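Under numbering that gives the first Met the number 0, think of the first position of the sequence shown as 0, with each following residue one higher. Let me begin by presenting the structure, written as structure tokens, before commenting on it.
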Amino acid sequence: MRKQRLGAIAAAAAAATLALTSCGSSGGGGGGEGDTVRIGIKYDQPGLGFKEGDSYTGFDVDVAKFVAKELGYDENKIEWVSAPSANRETLLETNQVDMIFATYTINDKRKERVGFAGPYFVAGQDLLVRADDSSITGKDSLDGKKLCSVTGSTSAENVRKDVPGVELVEQSGYAECLGLLEGGNIDAITTDDIILAGLAATDANKGKFKVVGNPFSEEPYGVGLNKESDKCEAINTAIQKMIDDGAWKEALDKNTEGTGYEPNAKLNPPTNFEACS
Ligand code: GLU
Numbered sequence: 000m001r002k003q004r005l006g007a008i009a010a011a012a013a014a015a016t017l018a019l020t021s022c023g024s025s026g027g028g029g030g031g032e033g034d035t036v037r038i039g040i041k042y043d044q045p046g047l048g049f050k051e052g053d054s055y056t057g058f059d060v061d062v063a064k065f066v067a068k069e070l071g072y073d074e075n076k077i078e079w080v081s082a083p084s085a086n087r088e089t090l091l092e093t094n095q096v097d098m099i100f101a102t103y104t105i106n107d108k109r110k111e112r113v114g115f116a117g118p119y120f121v122a123g124q125d126l127l128v129r130a131d132d133s134s135i136t137g138k139d140s141l142d143g144k145k146l147c148s149v150t151g152s153t154s155a156e157n158v159r160k161d162v163p164g165v166e167l168v169e170q171s172g173y174a175e176c177l178g179l180l181e182g183g184n185i186d187a188i189t190t191d192d193i194i195l196a197g198l199a200a201t202d203a204n205k206g207k208f209k210v211v212g213n214p215f216s217e218e219p220y221g222v223g224l225n226k227e228s229d230k231c232e233a234i235n236t237a238i239q240k241m242i243d244d245g246a247w248k249e250a251l252d253k254n255t256e257g258t259g260y261e262p263n264a265k266l267n268p269p270t271n272f273e274a275c276s
């Protein structure tokens with residue numbers, strides 16, 4: 000039942016996109032097939048959303064797979080779509096994806112354009128520095144420093160608002176910031192602690208960087224939806240089920256293993272879901 004209904008919605012959404020733009024759905028490829036679901040994830044955040052060849056891994060991916068299954072979509076019915084920070088609202092508004100699981104912080108500004116289910120995790124904004132740097136210990140030691148973050152992220156916005164005296168360099172993804180940090184062009188990268196931990200722990204980066212470990216925000220990760228979507232309640236039910244049956248913890252442990260990352264135990268697993276409108 001659910002599967003059919005969602006399929007019909009996906010088809011209708013694709014048709015609407017077609018009608019509006021008269022150039023078909025782009026990016027997802029075959030968004031109107033009816034029995035597939037298009038899910039936006041990050042492709043470049045190890046441990047969260049990561050694409051390597053044809054394989055997609057990470058905590059966001061595991062939560063997305065669990066939720067999709069509960070909505071009636073087996074793994075082979077998922078069409079993964081790249082959802083960089085700056086493109087997420089547009090991807091949802093223009094029906095190029097059905098759901099987004101991409102370290103996507105729920106906030107009021109975004110709620111003007113998109114809907115959210117969840118949260119399924121709560122991260123905190125932190126800093127990544129070179130392993131030998133002891134001059135940066137938190138948000139208050141950033142005066143005169145050069146910081147890299149990503150366009151369209153809450154991380155960049157928070158810095159602009161709360162940390163005057165910092166020079167902010169914006170890139171399209173956090174991996175791009177890493178090159179700048181390693182080369183000495185910037186002093187630190189700022190975004191969510193769990194993202195930074197995943198980046199620092201890859202084989203290529205091991206030993207080069209460290210997460211400062213002094214988070215200064217709360218970043219509740221929601222499932223991004225088109226405002227017209229009627230899937231919010233069903234997604235919240237699925238997330239609750241994932242938490243209750245242990246799959247949530249298993250996925251989180253598996254995807255953060257070896258990174259040294261400790262999720263905030265007071266805020267995780269989340270207990271209060273968004274009111275679906
Ligand atoms: N969670 C923050 C955000 O949604 C930062 C991570 C990201 O860029 O995805 O903007």
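Where a beta carbon is used, it is the ideal one built from N, C-alpha and C, also for glycine. Keep in mind that this is a model prediction, so the values were computed, not measured.
Backbone secondary structure at residue i - three-state DSSP
| i | result |
| --- | --- |
| Gln239 | helix |
| Val165 | coil |
| Lys205 | coil |
| Leu126 | strand |
| Val149 | strand |
| Glu256 | coil |
| Val158 | helix |
| Ile194 | helix |
| Ile135 | coil |
| Ala264 | coil |
Rounded separation between residue i and residue j - CA only
| i | j | result |
| --- | --- | --- |
| Ala246 | Asp142 | 42 Å |
| Gly206 | Arg129 | 9 Å |
| Ile242 | Glu273 | 16 Å |
| Glu256 | Gly48 | 15 Å |
| Asp43 | Ser276 | 32 Å |
| Asn254 | Ala101 | 15 Å |
| Ala155 | Glu217 | 14 Å |
| Ala200 | Tyr260 | 10 Å |
| Arg109 | Leu90 | 13 Å |
Residue i: first and last residue of the uninterrupted beta strand (DSSP E) it sits in
| i | result |
| --- | --- |
| Ala116 | Gly114 to Ala122 |
| Asp191 | Ala187 to Asp191 |
Residue i, enclosing alpha helix (DSSP H) - first and last residue
| i | result |
| --- | --- |
| Phe58 | Phe58 to Glu69 |
| Glu227 | Glu227 -> no alpha helix (DSSP H), and no H or E assigned at all. |
| Glu88 | Arg87 to Glu92 |
For residue i: DSSP bridge partner residues
| i | result |
| --- | --- |
| Tyr220 | Thr104 and Phe120 |
| Trp79 | Ile38 |
| Gly183 | The partner list for Gly183 (beta bridge, DSSP) is empty, contrary to what the question assumes. |
| Glu51 | Ser54 |
| Phe43 | In the sequence on display, residue 43 carries Asp and not Phe. Answer is Phe49, bridged to Asp43. |
| Gln170 | Val149 |
Beta carbon proximity, residue i to chain D, threshold 9 Å
| i | result |
| --- | --- |
| Asp161 | In the displayed structure, chain D is absent; only one protein chain is listed. |
Any non-hydrogen atom of the ligand HEM closer than 8 Å to residue i Cβ
| i | result |
| --- | --- |
| Ile194 | Absence of the ligand HEM is noted for the structure shown, with the ligand GLU being the only ligands found. |
**OP:** Could you tell me whether the stretch 165–174 touches the stretch 209–227, where touching means 3 or more Cβ pairs closer than 8 Å?
**Re:** Of all C-beta pairs linking the stretch 165–174 to the stretch 209–227, fewer than three are shorter than 8 Å, placing the two stretches out of contact.
Original post:
Given 8 Å as the limit, is there contact between the stretch 74–87 and the stretch 37–48, that is, 3 or more CB pairs closer than that?
Top reply: Judged by Cβ distances under 8 Å, the stretch 74–87 makes contact with the stretch 37–48, as three or more pairs qualify.
**OP:** Count the CB pairs spanning the stretch 110–123 and the stretch 182–193 that are closer than 8 Å, and state whether there are at least three.
**Re:** Judged by Cβ distances under 8 Å, the stretch 110–123 makes contact with the stretch 182–193, as three or more pairs qualify.
Original post:
Pairing CB atoms from the stretch 101–111 with CB atoms from the stretch 82–90, are three or more of them under 8 Å?
Top reply: Three or more pairs of CB atoms, one per stretch, sit closer than 8 Å, so the stretch 101–111 contacts the stretch 82–90.
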